[in-house]
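Encoded as structure tokens, the structure appears first; notes follow it.
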Amino acid sequence: MAFESFDELDLEPALVAAVEQLGLTTPTEVQGIAIPHGLEGEDLLICAHTGTGKTLAYCLPLLQRLMDQQALDPQAPRALVLVPTRELGNQVLKVIASLLPFVEMRATLLVGGVPIGEQVRQLQECPEILIATPGRLLELVLQGEVELHALQAVVLDEADRMVEMGFVKLLAELIERIGHKPQTWLCSATLDNRELEDFAEAVLNEPVEVILSSSDAPTHLRQFALQADNEEHKQALLLALLKDKSINQAVVFVATRKQVDSIAQLVLRQGGLYSDGLHGDLNQGGRSDVLSRFRRGRTRVLVATDIASRGLDIDTITHVINYNLPVGADDYVHRIGRAGRVAGSEGVAWSLVDSNDLHLLGRMERYQGVVIPWISLPGLEPKRKLKPKPRKPKVKKNAKATKTATPVKRAKRRPGKLKAKKTGKS
7 MAFESFDELD
17 LEPALVAAVE
27 QLGLTTPTEV
37 QGIAIPHGLE
47 GEDLLICAHT
57 GTGKTLAYCL
67 PLLQRLMDQQ
77 ALDPQAPRAL
87 VLVPTRELGN
97 QVLKVIASLL
107 PFVEMRATLL
117 VGGVPIGEQV
127 RQLQECPEIL
137 IATPGRLLEL
147 VLQGEVELHA
157 LQAVVLDEAD
167 RMVEMGFVKL
177 LAELIERIGH
187 KPQTWLCSAT
197 LDNRELEDFA
207 EAVLNEPVEV
217 ILSSSDAPTH
227 LRQFALQADN
237 EEHKQALLLA
247 LLKDKSINQA
257 VVFVATRKQV
267 DSIAQLVLRQ
277 GGLYSDGLHG
287 DLNQGGRSDV
297 LSRFRRGRTR
307 VLVATDIASR
317 GLDIDTITHV
327 INYNLPVGAD
337 DYVHRIGRAG
347 RVAGSEGVAW
357 SLVDSNDLHL
367 LGRMERYQGV
377 VIPWISLPGL
387 EPKRKLKPKP
397 RKPKVKKNAK
407 ATKTATPVKR
417 AKRRPGKLKA
427 KKTGKS
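The sequence shown begins at 7 in my numbering and counts up one residue at a time.
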């Protein structure tokens, strides 16, 4: 059943008013399915694209549950949202902070790269909700600044990313220190990872699965590929694309931190456009300054590594340019999902493809089940046929010959593992 308004979801009127103040009236598909189950206290496994409303899908039932339940310890945090990066943490805090004035609760952000003393001071104010990266949270726990014994809800946001970043042991230690089983949400853009599946099975208790075609192509985006003969040709294509008058703001994704600086300078000096760079070497203050200028429209082009592919939620981004394609197809979907995030708007994603990236383009197409059309720009047409560079197969020493199996698409339901439940409202 589709819900036409948040009023139908049995939320406190204060929460409905908070959502309406954000300009939202109709729940997204993932919100309409997840919120009723969350309100029942069930664990949830949410697998859906970025931009589908996952954050509100867990924030609203989380706050409602905290309002309905008595605190186990008034001095200790009651809910925890774990995130892989500072950028996503800031984004989640922004969403939660917009709801808190209506429910009289407090939240604080605990991330690395910023002075720990200020975070300790904020913890002394006894916030009900913590948003944290695993490393900084464990550091504060070991110092005795954070107690986890009174948690009533835990959210693992972008769990696939945390697994990729090697946080599984940190997460397991944090969960073990809780000492009991709180209601748990696990959110991910994909489930195509055995380590992630094992982790989900370990931390979730008979969860409801909300799986919304994790690998399908985003419907609000138009995707195109352009052939680049060499680096000089690729730079010329980039500068020509950025002259498109339909661009409001654009994010250019590159492969390395060094490229961030060089491409940002290229855009500024030869393209005449105000640009900034975002990468992992920037400290928290530097990242905040870059994103602040971009949000306020002071810069039109943001050049970034994949640090900006998740947690960057800026409505004014209309275009994404992949100067280099990512290796992972899910990273590609996250990148292009930065564009056209305003309801009813359409974004554009251009990928500059040379011989190094040609095999990756096929991976992006197979993952989404689409064919990305090739286009060319007048005066910058490719001069030779694009051929993929041969890649040496990885051969293990003393490896024996084995039969190859036909790939099988994994099922959305895994009988005997993560059991799904039904509700009368979904």
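Positions of the beta carbon are idealized from the N, C-alpha and C atoms, including for glycine.
- [ ] Report the rounded CA-to-CA distance for Val257 versus Arg167, giving the unit in angstroms.
- [x] 20 Å
Task: Where the beta strand (DSSP E) containing Ala256 begins and where it ends - done: Gln255 to Phe259
- [ ] Taking His340 as part of the alpha helix (DSSP H), name the residues at either end of that continuous run.
- [x] Membership of His340 in the alpha helix (DSSP H) is indicated by the continuous run Ala335 to Ile342.
- [ ] Name the two residues that bound the continuous beta strand (DSSP E) containing Gly353.
- [x] In the DSSP annotation of this structure, the continuous segment of the beta strand (DSSP E) that includes Gly353 starts and ends at Gly353 to Val359.
Task: Three-way DSSP call (helix, strand, coil) for Glu170 in this model - done: Correct three-state label for Glu170: helix.
Task: Neighbourhood of Arg263 by C-beta, 8 Å cutoff - its chain only, sequence neighbours within 5 removed - done: His285, Gly286, Asp287 and Thr311
- [ ] Alpha carbon to alpha carbon, how far is Leu331 from Leu366? Give it in angstroms, no decimals.
- [x] Cα to Cα, the separation comes out at about 7 Å.
TODO: Within its chain, find whatever has a CB closer than 7 Å to the CB of Gly185; leave out the 5 residues flanking it on each side and keep chain order.
DONE: His155
Task: Cβ pair count under 8 Å reaching 3, the segment 192–211 against the segment 38–54 - done: Counting Cβ pairs under 8 Å, three or more are found: they touch.
TODO: Classify Ala23 as buried or exposed, calling it buried when 16 or more other Cβ atoms lie within 10 Å of its own Cβ.
DONE: exposed
TODO: Would you kindly work out how many angstroms separate the C-alpha atoms of Pro379 and Ile135, rounded to a whole number?
DONE: Answer to the nearest angstrom: the Cα atoms are 45 Å apart.
Task: Status (buried if at least 16 other CB within 10 Å, exposed otherwise) for Ile269 - done: buried
Open item on the list: Let me make sure I understand the geometry here. Which of Arg92, Asp74, Gly57 and His55 has the alpha-carbon closest to that of Arg84?
Closed with: Asp74
Open item on the list: When you measure from the CB of Arg372 to every non-hydrogen atom of the ligand SAM, does any distance come out below 6 Å?
Closed with: Looking at this structure, you won't find the ligand SAM or any other ligand, since it has none at all.
Task: C-alpha gap between Val273 and Lys251, whole angstroms - done: Between the alpha carbons of Val273 and Lys251 lies a gap of roughly 16 Å.
Task: Beta-carbon separation (whole angstroms), Leu62 vs Asp16, contact threshold 8 Å - done: That pair is no contact at about 15 Å.
TODO: Tell me whether Pro518 is buried or exposed, calling it buried when 16 or more other Cβ atoms sit within 10 Å of its Cβ.
DONE: There is simply no residue 518 to check, as the chain begins at 7 and stops at 432 in what is shown.
Task: Within the segment 362–401, ranges of the alpha helix (DSSP H) (whole runs, at least 4 residues) - done: 364–374
Open item on the list: What residue range does the alpha helix (DSSP H) around Arg71 cover?
Closed with: Lys60 to Asp74
Task: Boundaries (first-last residue) of the alpha helix (DSSP H) holding Asn96 - done: Arg92 to Leu105
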